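Take a look at the structure below.
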Amino acid sequence: MQRYVMDNNKNTNVQDFQIRDDLISTLKNRFTTYGYKQVRTSTFESYDMYSNLIGTVNKDEMIKVIDTSGKVLVLRPDVTIPLNRMTTLNGLNTDNQRLFYVLDVFRQSPEQMDQKESTQAGVECFGDHSAETDSEIIMMAIHTLKDIGFRNFKLEIGHAGFFKELIQQTKLTEQELDALQSLIQSKNLAEMGPFLTQLDIEEDVRTAIQSIPMMYGNPEHVIEQAKSIIRNDSMEAILQNLIEINELLKAYGAENSVLFNLGLINNMNYYSGVIFQGFVDSIGKPVVMGGRYDNLGEQFDHSIPAIGFAFEVDLLIHAMQQQGLTNTQPLTADIIIRYPKEKQTDALRSAYFLRDHGYQVLTYSVEKTEEVNVEGKNIADFSVSHNTLYKQNMKETFSKPEELLSLLKKEEK
Numbered sequence: 475m476q477r478y479v480m481d482n483n484k485n486t487n488v489q490d491f492q493i494r495d496d497l498i499s500t501l502k503n504r505f506t507t508y509g510y511k512q513v514r515t516s517t518f519e520s521y522d523m524y525s526n527l528i529g530t531v532n533k534d535e536m537i538k539v540i541d542t543s544g545k546v547l548v549l550r551p552d553v554t555i556p557l558n559r560m561t562t563l564n565g566l567n568t569d570n571q572r573l574f575y576v577l578d579v580f581r582q583s584p585e586q587m588d589q590k591e592s593t594q595a596g597v598e599c600f601g602d603h604s605a606e607t608d609s610e611i612i613m614m615a616i617h618t619l620k621d622i623g624f625r626n627f628k629l630e631i632g633h634a635g636f637f638k639e640l641i642q643q644t645k646l647t648e649q650e651l652d653a654l655q656s657l658i659q660s661k662n663l664a665e666m667g668p669f670l671t672q673l674d675i676e677e678d679v680r681t682a683i684q685s686i687p688m689m690y691g692n693p694e695h696v697i698e699q700a701k702s703i704i705r706n707d708s709m710e711a712i713l714q715n716l717i718e719i720n721e722l723l724k725a726y727g728a729e730n731s732v733l734f735n736l737g738l739i740n741n742m743n744y745y746s747g748v749i750f751q752g753f754v755d756s757i758g759k760p761v762v763m764g765g766r767y768d769n770l771g772e773q774f775d776h777s778i779p780a781i782g783f784a785f786e787v788d789l790l791i792h793a794m795q796q797q798g799l800t801n802t803q804p805l806t807a808d809i810i811i812r813y814p815k816e817k818q819t820d821a822l823r824s825a826y827f828l829r830d831h832g833y834q835v836l837t838y839s840v841e842k843t844e845e846v847n848v849e850g851k852n853i854a855d856f857s858v859s860h861n862t863l864y865k866q867n868m869k870e871t872f873s874k875p876e877e878l879l880s881l882l883k884k885e886e887k
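Each residue of the sequence shown is one higher than the one before, starting from 475 at the first, in the working numbering.
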């Protein structure tokens, strides 16, 4: 069960939590239909584990604590890494291992100093490297967005290897590479041209890199553009992988939900294959991000193919609220039981009996009846002379809890 912490800096109430729980139930239900099983990881992780990994979470964004033994720990900054470690080191690396999670992650970025905690709901598939698995993962993200109620959304699909293959043909420093990635992500063509000109790069490689930000839009169109900058067999294989993924997504009927974006660069450098991110109306940030990371396990001395994604639950809720997709109606009960003092024992035992059979029951003494909105409810009135069940235009008397249950079941048929 998802736990919540009241935050005095936010407007939180019971309805907000109900919206959150309903959303999480929707996510979990969809993940389950694709054969995924829920797992969790520790809230506290060893700082050394993250500090020794290359191309993962920014160490400056981690929230560190020191335990009583003096060991430095971090609050879980990421779920993919500990799940990958668990799978590779604990003998779980069977073919097609499918896991999902709903967990809080903790980071502190300079841009959002007051936002240290967020909830992620994601999936990880281990042990299979194929276009079929890649397309199924992307389709699951699309399927889930439709479940939530979003109608106008797009998933941008790229490939981590395409840009990496071009960069390997240069001798850029880390600072130059960071600057170049920033220009590509922002599609800043005005500054990108002069920046590339001052670097010691072959002309055809420079032209290929400069064209990457413009390779965005209809998948077939982007594929044709990409063919013009293929420079080796690896890039040819990468493009073929994207072609296969696109054909499979069309087979799913998802062609109207996807775009290709070869300028898509994820901050997590452990991605090795297809990468993607999803956007919905009214939200300027991606609500879901994911991709293939076949090489991450090598940092735990066990190589295993893997792909996954994570939804940002808080962003999803914000988007739902912006688009009027949240149901803020108060909870309703299956039956309201009203009783006078003299019939309290009978009423409460009946309530227990109905709850034991799965009914949601609210009980009120007759003195509080006027405080309760009972419109549209099943109402069981206990009185000294007889007990009556009211259901719209129906009125039936009963004497025992079993008879009341029978009447309720009769109305359900």
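Cβ atoms here follow ideal geometry from the backbone N, Cα and C, with glycine treated the same way. Only a predicted model underlies this, so the values are computations on that prediction, with no experimental measurement involved.
Distance between Thr507 and Gly764, taken at the CA atoms: about 19 Å. With a cut-off of 8 Å on Cβ pairs, the stretch 859-868 is not in contact with the stretch 825-845, counting fewer than three such pairs. When C-alpha distances from Gln489 are compared across Arg550, Ile791, Glu876, Leu738, the shortest belongs to Ile791. For Ile493, the closest C-alpha among the options Asp707, Ile641, Asp788 is that of Asp788.
Contact annotation, Val576 with Leu501: C-beta distance approximately 7 Å; criterion of less than 8 Å satisfied. Met560 carries a helical assignment under DSSP once its states are collapsed to helix, strand and coil. Comparing alpha carbon positions, the residue from His603, Glu598, Phe518 closest to Met614 is Glu598. Take Ile810, set aside five residues on each side of it, and the residues of its chain with a beta-carbon closer than 6 Å to its own are Leu836, Val848, Lys851, Ile853, in chain order.
For Phe505, the enclosing alpha helix (DSSP H) stretches over residues 488-507.
According to the DSSP assignment, Gln649 belongs to the alpha helix (DSSP H) that extends over 648-659. The continuous stretches of alpha helix (DSSP H) do not include Thr593, which lies in the beta strand (DSSP E) extending over residues 591-600. If you draw a 10 Å sphere on the C-beta of Ile540, you find fewer than 16 other C-beta atoms in it, and that means exposed.
Taking a contact as a CB-CB distance under 8 Å, the pair Leu654 and Leu646 counts as one, their CB atoms being some 7 Å apart. Asp608 is not a Cβ neighbour of Thr593, given a cutoff of 8 Å. As far as DSSP is concerned, Leu716 takes part in no beta bridge. Going by beta carbons, Lys628 and Val513 fall outside the 8 Å limit. DSSP, reduced to helix, strand and coil, places Asp522 within a helical segment of the structure shown.
Secondary structure note for Asp755: it is in no alpha helix (DSSP H), with a DSSP letter that is neither H nor E. Closest in alpha carbon position to Asn570, among Leu882, Ile781, Lys620, Ala793, is Ile781.
For Gly737 and Ala700, the gap between their C-alpha atoms comes out near 11 Å. Under DSSP, Ser880 forms no beta bridge with any residue. Closest option to Lys511, judged by alpha-carbon separation, among Glu718, Asp534, Leu557: Leu557. Distance from the CA atom of Thr561 to the CA atom of Glu676, rounded to whole angstroms, is 42 Å.
The shortest CA-to-CA distance from Arg559 to any of Glu591, Asp830, Tyr813, Ser520 is the one to Ser520. By the Cβ-count criterion, Thr806 is exposed, with fewer than 16 other Cβ atoms from all chains shown falling within 10 Å of its own Cβ. Per DSSP, the beta bridge partners of Arg812 are Tyr838, Asp855.
Put simply, the backbone Cα of His776 is about 27 Å away from that of Phe785. Looking at His633, Tyr744, Tyr813, His695, the one whose alpha-carbon comes closest to that of Phe750 is His633.
One alpha carbon belongs to Glu710, the other to Gly544, and they sit about 51 Å apart. For Tyr767, there is no enclosing beta strand (DSSP E), as DSSP marks it with neither H nor E. The C-beta of Tyr826 has fewer than 16 other C-beta atoms within 10 Å across all chains shown, which makes the residue exposed. If you ignore the 5 residues before and after Ala605, its C-beta comes within less than 7 Å of the C-beta of Asn715, Glu718, Ile719, Leu722, all in its own chain and listed in chain order.
Counting only residues of its own chain and dropping the five nearest sequence neighbours on each side, Ser873 has a CB closer than 7 Å to the CB of Asn861. Listed as beta-bridge partners of Met613 by DSSP are no residues whatsoever.
The beta-carbon distance between Thr618 and Arg504, rounded to whole angstroms, is 5 Å. This is short enough to meet the 8 Å contact definition. By the C-beta density criterion, Phe624 is buried, having at least 16 other C-beta atoms within 10 angstroms.
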